[in-house]
Amino acid sequence: MEDVEKLMRRPSLILGALLGGLTGLPLVAILFLGEQFADLPFVPFDLFDWLARVLPGDVVTLGIDTVVQTISVLNLGPTDTTAKLIEQFMGIGVMLGGGALLGAGIAWALRRIEGPGWRVGAVGGLVAFLLVGVVELDLGVASGPGLALPWLAFLIVGWGALLGNLLDAQAPPPVTDEARADRRAALVKIAGGSAAVALGAWGLGRLLGTGQGATGAGQPLTDLATPVETPLPPGSPAPSSPVAPLPQAMATATMRDRVEPAPGTRLELTPNEDFYRIDINTRPVVIDGASWVLEVDGLFENPRPLTLLDLRAYPAVTQAITLSCISNRVGGDLIGTSYWTGVRLRDVLKDLGLRPEAEALFVEGADGFYESVAMEDLMDPRTLLVYGMNGETLPVRNGFPLRIYIPNRYGMKQPKWITRIEAIDREGPGYWVERGWSTEARPHVVSVTDTVAKDHVVDGKVPVGGIAWAGDRGIQKVELQVDDGEWEEAILRTPPLSSLTWVQWRYDWPVVPGRHTFRVRATDGTGALQIEEKRDVRPDGATGYHSVTVVI
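If you're matching positions, the sequence shown starts at 81 in our numbering and goes up one per residue.
Okay, structure coming up:
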């Protein structure tokens with residue numbers, strides 16, 4: 081009877097989970113302040129990033145598909161930024177869920193172990209810290225285990241002790257209406273206090289936090305030591321978007337006389353701030369360009385670390401490039417075009433003395449991403465180590481200080497935030513390849529209708545327009561079908577910025593009032609027609625004709 085009475089006076093598992101989740105909010109806020117002011121680990125995002133690495137590829141892909149589908153169906157905004165925001169909320173949710181498990185575990189222990197609640201809670205916090213520590217060490221803690229791990233131990237063990245103490249205080253079951261009211265009031269105060277601390281710390285961190293800066297990111301290219309010439313290909317126009325101008329832009333009569341795009345067609349050149357960002361972390365990696373070096377290992381005669389100044393000493397090349405994510409759905413927004421500046425990879429490899437037995441280059445990024453580049457691509461003069469984008473150094477979100485560009489491949493084969501390259505004598509691994517995605521990642525022919533400009537009818541015709549792209553194969557023809565009518569050829573806005581970019585197209589359709597569906601298809605430079613069959617993005621990229629329905 082005495083044992084039953086003791087058990088009844090111990091906290092419930094539900095109460096433990098509730099308090100664990102509530103007190104997790106201020107802990108998240110304190111971790112955020114630690115990251116902002118001292119570059120200490122932010123556990124919620126680290127847990128999410130770690131789970132994305134260790135879960136099976138099918139599970140990760142299902143999660144990606146679910147998020148993208150939700151964004152599309154609910155029209156929540158740009159796919160990349162909205163998806164990252166959802167991932168960040170999910171990371172915080174994982175942390176709060178872990179807090180609920182910790183609280184329930186401490187409550188369970190208190191029902192079976194005699195002793196002060198804070199001591200039992202501290203033991204639970206220690207177990208939680210060990211689990212978090214394994215995750216942080218596996219990822220590589222930002223400030224090194226000497227500072228980061230003691231900080232996390234202090235917070236998480238202290239969190240457990242606080243939970244144990246709170247559960248002890250809330251343990252006796254209410255026997256009167258007054259006792260019940262006191263208990264509810266205490267829980268409300270805990271919830272309100274947790275929320276207030278979380279919001280206050282978040283606001284303070286946003287207001288005063290500095291974090292580690294990415295020195296050199298987003299600067300004009302000529303500000304990075306000795307200026308180098310970055311001429312555009314002959315016939316290239318001046319950038320038509322609000323970015324820093326590139327030197328020696330040439331607007332020839334041919335370029336000036338091109339057909340005007342239909343109103344509402346996406347820009348021919350994507351501004352840096354609008355270029356899509358897809359990577360394996362909840363947030364982009366921030367690297368100090370002043371101290372960054374590219375490690376060089378493997379089958380080289382003269383391997384040596386390379387700085388940004390070393391790379392800029394090579395002849396610079398600027399190419400207009402369209403890049404697409406392999407996860408881009410038909411008509412999606414995970415695609416963009418920009419001028420990228422860098423050095424030919426084969427020039428660097430030659431200077432480093434690439435040995436004859438080398439078969440591939442293994443490339444690693446600071447975010448944990450990796451890929452292997454085949455010899456065919458290594459020797460392609462269009463393959464670049466990129467440090468500039470639209471006349472500026474790479475933005476942080478797009479890979480500062482260095483990324484790679486490989487022609488005729490989806491973005492999944494092209495690491496950003498590169499820190500290491502290694503010449504190897506075999507076909508090497510790839511992050512997404514190991515998770516069930518394409519080994520080749522060759523872009524399909526894609527065409528998209530961006531606009532049916534029904535508010536710009538001229539002479540009884542409505543301008544319809546969009547873009548078409550086929551990797552490095554160019555676009556030979558774009559055709560438009562209205563409802564079930566004949567396929568009619570559109571006008572291409574030629575020449576495109578380069579053979580590596582999309583081409584804008586336009587078709588002036590004679591207006592017929594009513595509800596109409598517009599379908600588009602393209603033929604690439606080799607004569608291959610776009611694939612009509614609808615296929616999902618995994619493993620080789622989405623296929624199918626894009627269509628839009630409009631009431632005119």
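We put the beta carbon where it would ideally sit given N, CA and C, even for glycine.
If you're wondering where the values come from, they're calculated on a predicted model, not measured in any experiment.
Buried or exposed: which applies to residue i, given that a residue is buried once 16 or more other Cβ atoms fall within 10 Å of its Cβ?
i: Pro523; result: buried
i: Ser627; result: exposed
i: Ala208; result: buried
i: Gly508; result: buried
i: Glu381; result: exposed
i: Phe125; result: buried
i: His536; result: exposed
i: Asn155; result: exposed
i: Ile193; result: exposed
i: Arg595; result: exposed
i: Arg483; result: buried
i: Pro436; result: exposed
i: Arg573; result: buried
i: Thr141; result: buried
i: Thr146; result: exposed
i: Pro106; result: buried
i: Asp457; result: buried
i: Gln610; result: buried
Assuming residue i contacts residue j (C-beta within less than 8 Å), just tell me the rounded distance between them.
i: Val558; j: Ser527; result: 6 Å
i: Leu93; j: Trp188; result: 6 Å
i: Pro487; j: Arg462; result: 4 Å
i: Gly510; j: Glu444; result: Contact doesn't hold; Cβ gap of about 11 Å is too wide.
i: Phe442; j: Ile504; result: 5 Å
i: Ala548; j: Arg409; result: Incorrect: roughly 16 Å between the Cβ atoms, too far for contact.
i: Thr159; j: Leu403; result: Contact flag wrong, Cβ pair sits at about 15 Å.
i: Leu211; j: Gly244; result: No, Leu211 and Gly244 are not in contact; Cβ-Cβ is about 18 Å, not under 8 Å.
i: Thr606; j: Arg553; result: 6 Å
Hey, how far is the Cα of residue i from the Cα of residue j?
i: Gly422; j: Gly226; result: 37 Å
i: Leu284; j: Phe117; result: Interpretation of Leu284 is limited by its pLDDT of 47, a score under 50 that renders its predicted location unreliable; no figure is taken from the coordinates.
i: Arg601; j: Tyr467; result: 35 Å
i: Leu98; j: Phe234; result: 22 Å
i: Asp616; j: Gly624; result: 9 Å
i: Gly491; j: Gly238; result: 43 Å
i: Leu519; j: Arg489; result: Correcting the residue type first, residue 519 is Thr in the shown sequence and not Leu. Roughly 10 Å between the two C-alpha positions.
i: Pro91; j: Pro121; result: 32 Å
i: Gly448; j: Gly195; result: 44 Å
i: Val631; j: Gly137; result: 41 Å
i: Glu439; j: Met455; result: 6 Å
i: Arg133; j: Pro364; result: 16 Å
i: Ala180; j: Pro593; result: 58 Å
i: Asp119; j: Ala228; result: 9 Å
i: Ala370; j: Cys405; result: 30 Å
i: Glu340; j: Met469; result: 25 Å
i: Glu613; j: Leu391; result: 44 Å
i: Phe355; j: Pro475; result: 10 Å
i: Gly296; j: Phe480; result: 8 Å
i: Ala109; j: Pro619; result: 39 Å
i: Asp368; j: Leu131; result: 27 Å
i: Gly100; j: Thr161; result: 30 Å
i: Phe169; j: Arg338; result: 46 Å
i: Lys430; j: Val376; result: 13 Å
i: Asp129; j: Ile166; result: 13 Å
i: Arg515; j: Thr362; result: 19 Å
Based on Cα-Cα distance, which residue from the options lies nearest to residue i?
i: Val542; options: Trp130, Asp337 and Ala342; result: Ala342
i: Asp434; options: Ala454, Gly240 and Gly378; result: Checking the displayed sequence, the identity of residue 434 turns out to be Leu instead of Asp. The residue with the shortest Cα to Cα distance from Leu434 is Gly378.
i: Pro575; options: Asp460, Asn361, Gly479 and Glu348; result: Glu348
i: Ala241; options: Leu182, Asp431, Arg191 and Ala228; result: Leu182
i: Tyr394; options: Val339, Arg363, Thr402 and Leu465; result: Leu465
i: Ile360; options: Leu388, Ala163 and Trp372; result: Ala163
i: Gln399; options: Trp130, Gly471 and Val373; result: Gly471
i: Gln584; options: Asp427, Arg426 and Thr417; result: Thr417
i: Arg599; options: Gly546, Val591 and Ala202; result: Gly546
i: Asp530; options: Ala184, Gly412, Leu219 and Trp589; result: Gly412
i: Thr345; options: Leu135, Glu568, Val544 and Leu113; result: Val544
i: Ala533; options: Glu569, Trp582 and Asp588; result: Asp588
i: Gly565; options: Thr597, Ala550 and Thr581; result: Thr597
i: Gln299; options: Asn352, Thr103 and Asp248; result: Asn352
i: Trp582; options: Ile401, Tyr419 and Leu560; result: Ile401
Next on the checklist: Just to confirm the assignment: which complete alpha helix (DSSP H) runs, minimum length 4, are found wholly within the segment 192-249?
Outcome noted: 197-219 and 225-249
Minimum length 3: unbroken beta strand (DSSP E) runs contained in the segment 523-579: 526-532, 541-549 and 555-562
* Asked: Fully enclosed by the segment 440-516, which beta strand (DSSP E) runs are 3 residues long or longer?
  -> Within the segment 440-516, the runs of beta strand (DSSP E) at least 3 residues long that lie entirely inside it are, in chain order, 440-445, 450-454, 464-469, 483-485 and 498-504.
### Message
List, from N- to C-terminal side, the alpha helix (DSSP H) runs of 4 residues or more that fit wholly inside the segment 392-446.
### Response
Counting whole runs of 4 or more residues, the segment 392-446 contains the alpha helix (DSSP H) stretches 425-432.
Enumerate, from N- to C-terminal direction, the unbroken alpha helix (DSSP H) stretches of 4 or more residues contained entirely within the segment 126-177.
-> Look at the segment 126-177 and you find these whole runs of alpha helix (DSSP H), each 4 residues long or longer: 137-154.
Review point. Where are the beta strand (DSSP E) runs, 3 residues long or more, that stay fully inside the segment 590-622, in chain order?
Key: 595-604
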